[in-house]
Amino acid sequence: MVGAFWVYAPDQIEIHPLSRFAPSEEQGKDLVYVHVECKDGDDFACRGTGVLTVSLFSKNDSHINTKVVDLGDAIVNYDYFDAVTRTYQVIFDDIRDDCDVVTAHATYDGIGERTMQSKSHTIKNYR
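By the count of the working numbering, the sequence shown reaches residue 111 at its end, each step adding exactly one.
Spelled out as C-alpha cells, the structure:
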C-alpha cells in the first residue's frame, strides 16, 4: 500500500537553496528555477506521487504565477525530477527583468495523505 503507510513516501517538503534566477533568451525576461525537495520520515530525499503546487510572489506579496504538477503521472514525474539534485525542478518563465526578488511557496497533496506545506523561501536575482 502506497501513501501514508509507505515509509518512504514524502513526510515533508521544502524549497531547496538551489532555487535561483537565470537569464532567459527572451529580451527583458528572466527565468526562476524553483527546486522542491521531498523528504521521507528518515529525512532522505525521495519522490512523491501526489500533486505539487508551487507559487511565486513578488516582494510586495503580489501573486506572480502558480504551477500545478501532477506527480501521479509517471512521465510528468520523470520530467520534473532532477536526478542529480534529487529535487523537483519547476521553471517559471514569465518573470519581468525588473523583478529582483521573489518568494516561493510549495504545497504537496499526497494520495490519501495530509497536505504538506513548505516554508516560504526568498530567491534573489544576483545579476
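Glycine is no exception: its CB is placed at the ideal position from the N, C-alpha and C atoms.
Three or more Cβ pairs closer than 8 Å define a contact, and the segment 84 to 100 meets that threshold against the segment -8 to 0. Assignment of residue 90 by DSSP, reduced to helix, strand and coil, places it in the strand class. The distance from the Cβ of residue 40 to that of residue 48 is about 4 Å, consistent with a contact at the 8 Å cut-off. Note: residue 4 is bridge-paired with 17 in the DSSP secondary-structure output.
Membership of residue 72 in the beta strand (DSSP E) is indicated by the continuous run 71 to 80.
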